[in-house]
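Working notes, beginning with the structure itself.
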Amino acid sequence: MSEGFLSIVNCIATLGLAILVGFVCSKSGYLPQGVKPALSKIVVKLTLPVLIATSLTKTEITPEKLVNSAFVIASGLLTIALLQLAGYLTERLFKKSAPPILHRCMTSFGNVVFVAYPLIQSLYGDEGLYYAALFAFSSDCWLWTFGVYSLSKLGGKATSLTSNLKRLVNPSTIAFAVSFVMMIFKLRFGGIIGDVMNGFGSTTTYLSMLFIGCVLAEVDFKGIYKRAPLFVLTLLKMIIIPVIMIFIFKLFPFSEEVKSIIILQAGMPVSTVLVMLCSEYGGDVKYSAEGVFISTLASLVTLPAVYSLIAVL
2 MSEGFLSIVN CIATLGLAIL VGFVCSKSGY LPQGVKPALS KIVVKLTLPV LIATSLTKTE
62 ITPEKLVNSA FVIASGLLTI ALLQLAGYLT ERLFKKSAPP ILHRCMTSFG NVVFVAYPLI
122 QSLYGDEGLY YAALFAFSSD CWLWTFGVYS LSKLGGKATS LTSNLKRLVN PSTIAFAVSF
182 VMMIFKLRFG GIIGDVMNGF GSTTTYLSML FIGCVLAEVD FKGIYKRAPL FVLTLLKMII
242 IPVIMIFIFK LFPFSEEVKS IIILQAGMPV STVLVMLCSE YGGDVKYSAE GVFISTLASL
302 VTLPAVYSLI AVL
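Residues 2 to 314 (the numbering used here) are what the sequence shown spells out, left to right.
Written as structure tokens, this is what we have:
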């Protein structure tokens with residue numbers, strides 16, 4: 002086995018065990034219900050922006066990186082469009098057993114932050130996290146515009162484009178912008194401030210996994226094996242589309258690392274954010290949570306598989 006394959010298996014196993022800890026703690030009552038939104042806020046508004054800032058400022062801006070950055074952003078936008086198309090085509094097969102709009106959104110939007118950041122940073126270091134953040138921005142551009150607009154139809158709650166665009170300005174994007182400027186001027190976080198920020202940033206992985214474990218603990222397992230659309234969605238989103246992208250990316254002369262990061266991001270499990278949005282806009286919360294559960298469990302196998310296929314194909 003290659004060193005890279007063993008690395009991703011080890012990383013996935015670590016994340017899986019951390020999720021299991023969150024799952025067990027939530028089921029046993031050690032983590033009460035109020036902890037889940039608190040964990041989400043701590044990660045999204047504190048540790049994740051700090052992780053982005055401390056990691057990105059350790060890297061340098063080069064002409065090659067700027068070209069790669071444009072490629073990642075464009076590829077991210079086109080990848081979500083491809084996933085949207087796949088969701089649209091398959092939703093017609095399951096009109097009676099799956100909410101069409103929700104099925105399409107679940108196919109399109111992956112967990113490109115909570116799962117992807119720890120995994121990609123482990124595999125590709127701080128520079129890998131930089132590209133992962135760019136892809137996440139592209140995904141957010143789709144999610145907070147077309148995604149929210151579509152989901153708002155489920156409960157008949159109108160939403161304005163302006164209010165959705167404002168969500169693109171969040172702690173993570175601000176941290177990225179500040180870090181980018183610091184990278185240009187080669188500024189770093191040093192001394193005690195750097196130590197504290199590195200410490201907080203390093204907690205992101207396990208806090209994120211605790212949060213995902215809490216989300217999965219709320220899923221009702223009765224009849225989940227009968228959810229055929231979710232298994233098809235998982236296969237399509239996490240295996241078929243990434244394999245198609247592997248062949249498409251052979252046509253582009255960019256670094257294998259950059260292309261691999263984009264492909265892995267495309268194959269991430271269903272985004273936990275969709276569960277929250279379904280709750281907010283009157284969608285099927287149970288169905289979305291089941292999708293997160295099935296795809297997250299599947300990712301323990303599919304992500305190493307996709308990583309291996311990238312090297313082989």
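From the three backbone atoms N, C-alpha and C, an ideal C-beta is built for every residue, glycine too.
- Under the three-state reduction of DSSP output, G5 falls in the helix class.
- Between the alpha carbons of A178 and S8 lies a gap of roughly 30 Å.
- Rounded to the nearest whole angstrom, the CA to CA distance from A134 to I225 is 33 Å.
- Sixteen is the threshold: since fewer than 16 other Cβ atoms of the shown chains lie within 10 Å of the Cβ of I185, the residue is exposed.
- Of the candidates L84, R189 and I43, L84 places its Cα closest to the Cα of L144.
- The Cβ atoms of V244 and L310 lie closer than 9 Å to each other.
- For D141, the enclosing alpha helix (DSSP H) has its first and last residue at A117 to W143.
- L79: member of the alpha helix (DSSP H) spanning P64 to E92, first to last residue.
- Taking T297 as the centre and dropping the five residues before and after it, the same chain places the C-beta of P270 closer than 6 Å to its C-beta, in chain order.
- Per DSSP, G192 is one residue of the alpha helix (DSSP H) stretching across G192 to S203.
- Straight-line measurement puts the Cα of Y89 at about 43 Å from the Cα of G200.
- Excluding the 5 residues flanking it on each side, D141 has same chain C-beta neighbours closer than 7 Å at L169, in chain order.
- Secondary structure note for Q34: it is in no alpha helix (DSSP H), with a DSSP letter that is neither H nor E.
- Following the DSSP letters along the chain, one finds R189 in no alpha helix (DSSP H), marked with neither H nor E.
- Inter-segment contact for the stretch 66-82 and the stretch 44-55 is absent: fewer than three beta-carbon pairs are separated by less than 8 Å.
- Assigned with DSSP and collapsed to three states, G111 falls in strand.
- Its Cα nearest to that of F255, the residue S76 stands out among S76, S123, T204 and S139.
- When DSSP states are grouped into helix, strand and coil, V220 belongs to the coil group.
- Around the beta carbon of R189, fewer than 16 other beta carbons lie within 10 angstroms, which makes this residue exposed.
- Within a 10 Å sphere around the beta-carbon of T63 sit fewer than 16 other beta-carbons, which makes this residue exposed.
- Sequence-distant Cβ neighbours of Y125 in its own chain, meaning closer than 7 Å and more than five residues away, are E258 and I262.
- In chain order, M239, P243 and V307 place their CB closer than 6 Å to the CB of G268, counting only its own chain and leaving out the 5 sequence neighbours on each side.
- Burial is judged here by how many other beta carbons sit within 10 angstroms of a residue's own beta carbon; Q266 has at least 16 and is buried.
- The beta carbons of A229 and S98 sit about 7 Å from each other, so the pair counts as a contact at 8 Å.
- Between the alpha carbons of P33 and G23 lies a gap of roughly 11 Å.
- Setting aside the 5 residues that flank it on each side, L120 is surrounded in the same chain by I9, C12, I13, L16, L265 and L304, each with a C-beta closer than 8 Å to its C-beta; the list follows chain order.
- Between the alpha carbons of T273 and G148 lies a gap of roughly 14 Å.
- With a 10 Å radius around the Cβ and a threshold of 16 neighbouring Cβ atoms, T80 comes out buried.
- Close CB contacts of S139 within its chain, under the 6 Å cut and outside five residues either way in sequence, are with I74, G77 and L78 (chain order).
- Less than 9 Å divides the Cβ of Y131 from the Cβ of T60.
- Between the alpha carbons of T235 and F95 lies a gap of roughly 14 Å.
- Beta-bridge partners assigned by DSSP to V271: G111.
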